[in-house]
Structure formats: structure tokens, C-alpha cells
Amino acid sequence: MFALFDAAVGVAYHLVTGLMSLLEPVTGGLSAAVAIVVFTVCVRLALLPLSIRRARAGRTRQRLEPQVGKLLERHRADPVRARQEVGALYRAEGTSMWAGIGPALLQMPVFSVVYRLFLSPAVGGHANLLLAHTLFGTPLGARWLLSAGAFGPHGLVFLGLFALLAVVAWWTSRRVPAPPGALGRVTRVLPYGTLLFAAYVPLAAGLYLLTTTLWTAAERVTLWRTPAEA
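Number 71 in UniProt numbering belongs to position 71 of the sequence shown; there are no gaps in the numbering.
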């Protein structure tokens, strides 16, 4: 199992380094950083059919939420009957309560492989040469507090990354439906967790986080939009 995962990371590594070589005549010293962004976009494009299925299931769940609430209230004394009625409601819509879980689970291994590629100092027993390249003079293998310095020249590159991640997190927190109460407040704060990850991972992984969260935010606006929001 681990050998298969490592092999997938190796394939991704060769794809990104090949893309970097193609981009270098145009992007120069930024070729590695641009290759990370382009590769992440290509991965998200390849996973778009799964994202569409997941969004469709999510929109259906949101639309049926008032009816589900009424059924649960009507049969609150009989949880088994309540589950049966809710299941029948979803079947009448041609879907199920768990329709969005499958696409999400299928996407997770791909995300794990890509994230591991930009996190690992070695791939296939050899140094991860992607991390030796730089973005505005900052090595892609540098980490903010551990090797870049909080506010030095390299640290400023990280601060710019954090600012962009914060904007994406703010936008996402405003777009994601949140339940009332304490759970809703937690839901609003969760998107900002990417800032904590970015503070401790290599700059390459931070670029991946920025690109993939920005893509997710765009999907939220387009794929998850209900007819009332159109």
C-alpha cells in the first residue's frame, strides 16, 4: 500500500519537474513555483467531474433540509421511522443522504499524493529538487518560522502568502452555510486553518494550499450556487 503511494508521489514528481522544464524558457527563475500552481490546477481540472457530483449532492441536501427537519420533528419519538422517511425522501429525488461522500473519498488520495510531493524533502530515495528552487529568492523548501525567519526578506514572501490565504479563507467563511450557535462559529473559523498549516510546511506546500483553496472557493461560487443565488 505504502509502495503504491510512494510510486504515485514519484509519478507526480516527474510530471511537475517536466512541466517546470517546459515553463523555464518563459518563466525563468519562477518556473518551479509556476509549475506547482499549473500542476495543481490540472489536478483540480481532472477531478472536476467528482466535484460536480459532490456539489450536486450538496445542493440537493440544502434544498431538502427544511423537509428533512419537518420529518425528524414529526417522528422524533421513533428514530427508525424518521430515518426511513428521510431515506424515502432522498430516493424520491433520485439520490441518497450519502451521495456526496463517495466523490469526496475518491478525491482524498489524489490530494494526499500532491500534498506529500510538496512536503517531502526526498522522493524515491533522492532529494526533492523542487524544494531547492526559489520564489522571489526564498527556497521552496523553506518553512516560515523554522528556516525563513518571521520578518526577514524570506519571511516577507511567506507573509504575502499568508495574506492571500487569509483573503481566500475570509471569502470561503462567508460563502459556506453555517448552522446557528457555537457550531456555526466553528464552521466560520475552520477555513482559516490553512494559515496554520502554511506556517509550518514548506513554501512549496503553501503555494499548493493557496492554489487548491482558491480553486475550492471558485467551485463554491459556481458549482454550489443554488437557483435562488443565480
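Where a beta carbon is used, it is the ideal one built from N, C-alpha and C, also for glycine. Remember, predicted model here, so these are calculated numbers, not experimental data.
### Task
Determine, using beta carbons only, whether Val34 and Thr27 come nearer to each other than 8 Å.
Here residue 34 refers to the residue found at position 34 of the sequence shown. Here residue 27 refers to the residue found at position 27 of the sequence shown. Yes. Within cutoff.
### Message
So, under 8 Å CB-CB, Leu156 and Thr213 are touching, yes? Tell me the CB distance rounded to an integer number of Å.
### Response
Residue numbering aside, residue 156 sits at position 156 when the sequence shown is read from its first letter. Residue numbering aside, residue 213 sits at position 213 when the sequence shown is read from its first letter. So it is not a contact: roughly 21 Å between Cβ atoms.
### Cβ distance (whole Å) where Ala205 is taken to contact Tyr115 below 8 Å
By one-based count along the sequence shown, residue 205 stands at place 205. By one-based count along the sequence shown, residue 115 stands at place 115. Contact holds; Cβ gap of about 6 Å.
#### Entry: Range of the contiguous alpha helix (DSSP H) that encloses Arg61
Counting from one through the sequence shown, the residue named residue 61 turns up at place 61. Start and end: Leu48 to Arg74.
### Query
By how many angstroms is the C-alpha of His126 removed from the C-alpha of Arg174?
Numbered from 1 along the sequence shown, position 174 holds the residue referred to as residue 174. Numbered from 1 along the sequence shown, position 126 holds the residue referred to as residue 126. Distance between the alpha carbons of Arg174 and His126: 43 Å.
### Query
Going by DSSP, which residues form a beta bridge with Pro139?
For the purposes of this step, residue 139 is identified with residue 139 of the sequence shown, where counting begins at 1. According to DSSP, which records beta bridges pairwise, Pro139 is partnered with Thr134.
### Query
Thinking just about the alpha-carbon of each residue, which of Thr211, Trp215 and Gly69 is nearest to the one in Phe118?
Within the sequence shown, residue 118 is the residue found at index 118, counting from 1. Here the closest residue by C-alpha is Thr211.
### Query
Taking Cβ positions, are Leu209 and Thr194 nearer each other than 8 Å?
Counting from 1 along the sequence shown, the entry for residue 209 is found at position 209. Counting from 1 along the sequence shown, the entry for residue 194 is found at position 194. Yes; because the gap between Cβ atoms is below 8 Å, this pair is in contact.
### Message
Does the segment 4-17 come into contact with the segment 60-69, if we say contact requires no fewer than three beta-carbon pairs (one atom in each stretch) closer than 8 Å?
### Response
no
### Task
State the start and end residues of the unbroken alpha helix (DSSP H) segment that holds Val80.
Translated into positions along the sequence shown, residue 80 becomes position 80. Per DSSP, Val80 belongs to the alpha helix (DSSP H) from Pro79 to Ala92.
#### Entry: Closest Cα partner of Gly29 within the set Leu140, His75 and Arg76
One-based indexing of the sequence shown puts residue 29 at position 29. Out of Leu140, His75 and Arg76, Leu140 has the C-alpha closest to the C-alpha of Gly29.
### Task
Measure the Cβ-Cβ separation of Arg59 and Trp224 and say whether it is below 8 Å.
Taking the first residue of the sequence shown as 1, we reach residue 59 at position 59. Taking the first residue of the sequence shown as 1, we reach residue 224 at position 224. Cβ atoms of Arg59 and Trp224: closer than 8 Å.
### Task
Measure the beta-carbon distance from Val123 to Val9 and round it to whole angstroms, keeping in mind my assumption that it falls under 8 Å.
Translated into positions along the sequence shown, residue 123 becomes position 123. Translated into positions along the sequence shown, residue 9 becomes position 9. With a Cβ gap of about 6 Å, Val123 and Val9 count as contacting.
#### Entry: Phe5 beta carbon less than 8 Å from that of Val113
Translated into the one-based positions of the sequence shown, residue 113 becomes position 113. Translated into the one-based positions of the sequence shown, residue 5 becomes position 5. Yes, the Cβ-Cβ distance between Val113 and Phe5 is below 8 Å.
### Task
Please confirm whether Ala82 and Leu72 have their CB atoms less than 8 Å apart.
Here residue 82 is taken as the residue at index 82 of the sequence shown, counted from 1. Here residue 72 is taken as the residue at index 72 of the sequence shown, counted from 1. For Ala82 and Leu72, yes; Cβs fall inside 8 Å.
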